[in-house]
Each structure stands twice: as C-alpha cells, then as structure tokens.
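Novice: I'd like to ask some things about the structure below.
Protein chains: 2
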Amino acid sequence: MDDPVLLTGAGGRVGQAILRHSGDRFEWRLLDREPLSSEKLPAGVSKDDVYAVDVTDEAAVEEAMEGVYAVIHLAGDPRPEAPWDSVLRNNIDGTHTVLQAAVDAGVEKFAFASSNHAVGAYETDERTPEMYRPDDDFKLDGEELPRPSNLYGVSKASGEVLGRYYHDHAGISVVNVRIGNLTEGHPPIDYERGQAMWLSYRDCAHLFERCVLADYDYEIVYGISDNDRKYYSIDRARDVLGYEPTDNSAEFEG
Amino acid sequence: MDDPVLLTGAGGRVGQAILRHSGDRFEWRLLDREPLSSEKLPAGVSKDDVYAVDVTDEAAVEEAMEGVYAVIHLAGDPRPEAPWDSVLRNNIDGTHTVLQAAVDAGVEKFAFASSNHAVGAYETDERTPEMYRPDDDFKLDGEELPRPSNLYGVSKASGEVLGRYYHDHAGISVVNVRIGNLTEGHPPIDYERGQAMWLSYRDCAHLFERCVLADYDYEIVYGISDNDRKYYSIDRARDVLGYEPTDNSAEFEG
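If you read the sequences in order, they're chains A and B.
Its first residue numbered 3, the first sequence is counted upward by one per residue in our numbering.
Its first residue numbered 3, the second sequence is counted upward by one per residue in our numbering.
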C-alpha cells in the first residue's frame, strides 16, 4: 500500500491527533478548508500534498482524490450545537461529495468520522448516570438504530447511511467510527460521561491506522479507549479492525 | 380530534390514495408544490385549506402548520432514481423544515412517508428471488439498520433519523412508514417483488388513518397489505397502530 491516504479535515482536532502519532505511517494527502500552517504538518509532507479545499467543492475534491488508496473523512462542522443549514451543507452534502469522488476514483477504503452524538439520546434520564459507571451492563455495539442528541448527530447518522449505500452499490469498504470524547493527555476531570467515552490521542491515531490497514466490508464501530467505564462496546473494533487500545480513563482517576 | 390534519404532497400518488378513501375522515389541510386541481380534492375541502407551497419554504410551511393536530408528510421527490441534489433539498431539507415547523406549532403526531428503498439493499443476490416467496422466512421488522438501494432511499433513511431526533428532543409522536409498492386496483402482474410489497390503496389510506388516531412514541413500520408473499413484517403496525389490512396480493394470482 504505497498510494496516498487522503485525510480530510486534517487541521481539526481528530486530524491533528492522527498526524501527531501516525504522521510517518502513510504517504499522506491532507485536505482542509483552511490553509494548514507548518506546525500542523508532519515532517515529510510536501506542499504539493496539501489541499485548501472545501468538501462541498466537487471539482476540487475530485482532483485531491486522484490515485488515493484510502480516505479518512473527518471534514465537516464539528460543533454539536451547529445549526441545520451548516450540517446539511458541510456534513451531509460534504460527505456525499467525498464518498462519490472516492468511488469514482476507485478508492478502496473509506473511514468516516461519525460521532457519539449519533446515538446520544440513548443516554436517557432513566439510564444516567448509572450507564457511565464500570459496573453497569448497558452497552451500545453499533447494531442499534441511531438516536441522535442533536442535528449534528443527525448529520453523522446520515453520513453513515451514505456509506452503507456506497458500500452496497459500489463495493468500497466503509467503516463509520463513532468517536467518543477525544482529549489530549488525560480524560476529562469530574465528568463521568467524558471518562466513559474517552479516546486518547494515541488510541485515536491507532484506530484510524487500523481503518486503513484492516480488511472489512461495512462496519460501525465505537472509537473509545479501553476504559473501565464504558457504555460503548469496542469488541467489533477489536475483532474486525484489530484495534488494540493502550489507554484507560480509569488510570487517571483518584 | 377536531383540529386539522396536514397532508403534504397531497397531489401525489400516496396522497391521492389517502384522500380517495379517507377524504371525509378528517378536517384536511392539503399542501402540494403544485396547485391542486378540483378532481384531486375531496368533497368538503375549501380552497382556504389548500396550500400551494414548497416544503423548503420555511415561512409558508409555518403558516400552513398553524393549529394542526397531526401531519402526514409525503412531499418530496418520489423518484427512486432522483439525483442527490434533489433528494438533499426536497427530501432531507424539506423533511427537516416540516418537522421543525410541526414541533414549533405543537403538532402531536407526525407520520413520515419513508420507503422500501431505505432498506432495498437487503435484497441481495443470495436472498432473491426466494425472499419474495410465501415459504421464505426472511423478514425485516423495522429494527434493522437502513440499507438503501439508491440515494432516494438514503434521503428517506435520513428523514427517519430526523424523526427520531425530534421525538427524543421535543416529544412529538413520530411514525416512519416504509411504504411498499402502492398500485391501484390490483398488485403488479408477473413481478414477485412487487406482489410481496404490494400496498393497496384502501390499506394505504387505513394505515395512515391509524397513524393519526393511534397513540405511539417513535415507530418504524412497514406499509404493505397482508400479502402471503411478505418479507416485511406488519406485526408492529398491527400491534402499535391497530393496522388491519384488507387486501392480499395472493388473491389476484393465478
């Protein structure tokens, strides 16, 4: 696998976590709506491999897609409180544009940054805060229907369905990663929910590496570290992708 | 329940099936993008209750929503082969506009015309044509994840997720009806798939009546007649909505 991996939204938090820890693992092609400053670029990435492109710009996305082996699609409005018009355009329409371009270019694998907000409304008053605790059995495993907590979550669930369609229709391998709570260095303090869905930077980078390297058809997995507190199963990520997380939010407690 | 029922897409095929058989059951408020000719209007509907409005026009939809008890939302691009830009605007954005207006106006129930195309890719080469036959056990029941057969189906699956969000967020009752193959008079001839998912006009009207009259929270049901050939379960429609279909495509065979 010597062909490039296209990373959209490379300047965002998830993109930077990936590049920080996996910057030398692939031949990267980096795309972001904003020009990327040099401190956001891993060593060895030339300016020719950096695209300042909006994912709703079809022609520019098609150009960035040429010769790409795999896509990690993170670009979009990342705000849980983002208004509908923005998630409709940037997240739903943008994901369609990137997926369609990927299929047209013969890309083999597509990892989509979905979100815990696609299933946030499972956290009902009856279940919380117990579900955030290590001794609670409630777990989501990716086979459940979406229950978004906001319109951002609706847009992520829609992106997952777009992936399902393009996989069935065109054969491209698609994995939707419902990313938990990505924070650098340590999990959130005094926030049970954030600790339960914590994803460390290095586990994030490792998980998306596995999305590029593993063989799969269509998958929905949860992107969290191996936390003692856990209401997302990581069995599928382990079994199908070979995800082997290093971190556990419990090690930072007390 | 004396307040009006708003029917969007009233001039389309599903809307006309409903009005033909249930035209005198409710105080209707009818909305369609095109002006409705008099033969498309049931007796007793005054011109004041007919709105020529595009569902992407927020202000006009809000006006049509005033005082409404329940919405049957059918409007959208109905073509399975519709291009992305059209289903994005008319089906996904349009459904958001209608749902948001319904919640803002205090509407109690929302029935959404979803489609068999939201799950059409379950009909794999391995399963067909056996799954279209009466002795085959494969059944979808509404708890499965969407597998759209086209971008139209993606848009319907996205509409379902919007309904899920607005139910969880605002409490409005939402039922997504995955409509099968609606044909007038008799089921399709020499087309096993169409017979398996046949929905007669009168069963269609009855089913949407039940969506207005029954009590429910959030549901996904299949909209087909009581066909011997069947790969969609109608148990949930029976149990939750009180759906009691009259027709069966098998009665037209042979």
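The beta-carbon is built from N, C-alpha and C at its ideal position, and this holds for glycine as well.
For A:Tyr-234, name the three-state secondary structure that DSSP assigns.
Specialist: When DSSP states are grouped into helix, strand and coil, A:Tyr-234 belongs to the strand group.
Novice: Considering Cα atoms alone, identify which of B:Tyr-193, B:Ala-107, B:Asp-205 is closest to B:Pro-131.
Specialist: B:Tyr-193
Novice: Distance check for B:Leu-164 and B:Ala-61, CA to CA, integer angstroms please.
Specialist: 20 Å
Novice: Listing by chain order, which chain B residues have their CB less than 8 Å from the CB of A:Ser-160?
Specialist: Ile-94, Val-156, Ala-159, Ser-160, Val-163
Novice: What residue from B:His-171, B:Arg-15, B:Val-214 has the CA that sits closest to B:Asp-106's CA?
Specialist: B:His-171
Novice: Rounded to a whole number of angstroms, what is the C-alpha to C-alpha distance between B:Gly-182 and B:Asp-228?
Specialist: 12 Å
Novice: May I ask you to report which of helix, strand or coil DSSP gives B:Ile-74?
Specialist: Under the three-state reduction of DSSP output, B:Ile-74 falls in the strand class.
Novice: Work out the CA separation of A:Val-57 and A:Glu-68 for me, nearest whole Å.
Specialist: Taking the straight line from one Cα to the other gives about 15 Å.
Novice: By how many angstroms is the C-alpha of B:Leu-184 removed from the C-alpha of B:Arg-238?
Specialist: 19 Å
Novice: Considering B:Tyr-53, what are the terminal residues of the beta strand (DSSP E) in which it resides?
Specialist: 52-54
Novice: Tell me the residue span of the beta strand (DSSP E) that contains B:Glu-221.
Specialist: 220-225
Novice: Within the continuous beta strand (DSSP E) that includes A:Ser-109, where are the two ends?
Specialist: The residue you asked about is not Ser; residue 109 of chain A is Val in the sequence shown. First-last for A:Val-109: undefined, no H or E at that position.
Novice: Kindly indicate if chain A contains any beta-carbon less than 7 Å away from that of B:Ala-239.
Specialist: No, B:Ala-239 does not count as interfacial toward chain A.
Novice: Short check: CB of A:Arg-180 to CB of A:Tyr-124, under 7 Å?
Specialist: no
Novice: State the Cα-Cα distance for the pair B:Asp-59 and B:His-169, rounded to the nearest angstrom.
Specialist: 22 Å
Novice: CA-CA distance, A:Gly-78 and B:Pro-148?
Specialist: 23 Å
Novice: Compile a chain-ordered list of the residues in the stretch 75-102 of chain A whose CB is closer than 7 Å to at least one CB of chain B.
Specialist: Trp-86, Leu-90, Ile-94, Asp-95, His-98
Novice: Mind checking which residues open and close the beta strand (DSSP E) that includes A:Leu-32?
Specialist: 30-34
Novice: With DSSP run on the structure shown, which of helix, strand or coil describes B:Val-121?
Specialist: coil
Novice: With B:Ser-202 as the anchor, note down where its alpha helix (DSSP H) starts and where it stops.
Specialist: Looking at the DSSP string, B:Ser-202 is not in any alpha helix (DSSP H), and its letter there is neither H nor E.
Novice: Does the Cβ-Cβ distance between A:Ser-48 and A:Asn-93 come in under 7 Å?
Specialist: No, they are not a contact pair.
Novice: By the criterion of Cβ-Cβ separation under 7 Å, what are the contact partners of B:Asp-170 in chain A?
Specialist: Ala-123, Arg-149
Novice: Tell me, please, which residues DSSP counts as bridged to B:Val-179.
Specialist: Paired residue(s): B:Ala-115, B:Val-223.
Novice: Helix, strand or coil for B:Thr-10? Go by DSSP, reduced to three states.
Specialist: strand
Novice: Exposed or buried, what is A:Arg-166 when buried is set at 16 or more other beta-carbons lying within 10 Å of its beta-carbon?
Specialist: With 16 or more Cβ atoms within 10 Å of its Cβ, A:Arg-166 is classed as buried.
Novice: Please report the straight-line C-alpha distance between A:Glu-162 and B:Glu-246, rounded to a whole angstrom.
Specialist: 34 Å
Novice: Using the three-state DSSP reduction, which class does B:Leu-142 fall into: helix, strand or coil?
Specialist: strand
Novice: So is B:Glu-146 buried or exposed if we call it buried at 16+ other beta carbons inside 10 Å?
Specialist: exposed
Novice: Nearest chain B C-beta to A:Tyr-203 closer than 7 Å, yes or no?
Specialist: no
Novice: When you compare only the Cα positions, how much space is there between A:Ala-104 and A:Ala-66?
Specialist: About 10 Å.
Novice: So if DSSP puts B:Leu-184 in a beta bridge, which residue, or which two residues, is it bridged to?
Specialist: B:Leu-201
Novice: Taking the alpha-carbon of A:Gly-96 as reference, which of A:Leu-33, A:Glu-211, A:Tyr-233, A:Ala-252 has the nearest alpha-carbon?
Specialist: A:Leu-33
Novice: Can you list the residues of chain A that B:Leu-8 reaches, using a CB-CB cut of under 8 Å?
Specialist: Residues of chain A passing the Cβ test: none, with the nearest at roughly 21 Å.
Novice: Going by alpha carbons, who is nearest to A:Asp-230 out of A:Arg-135, A:Ala-216, A:Phe-112, A:Tyr-53?
Specialist: A:Arg-135
Novice: Would you grab the beta carbon distance between A:Phe-140 and A:Tyr-233 for me? Rounded to a whole angstrom, and I think it's under 8 Å.
Specialist: 6 Å
Novice: Compare the C-beta of A:Tyr-167 with all C-beta atoms of chain B and state if any pair is closer than 7 Å.
Specialist: yes
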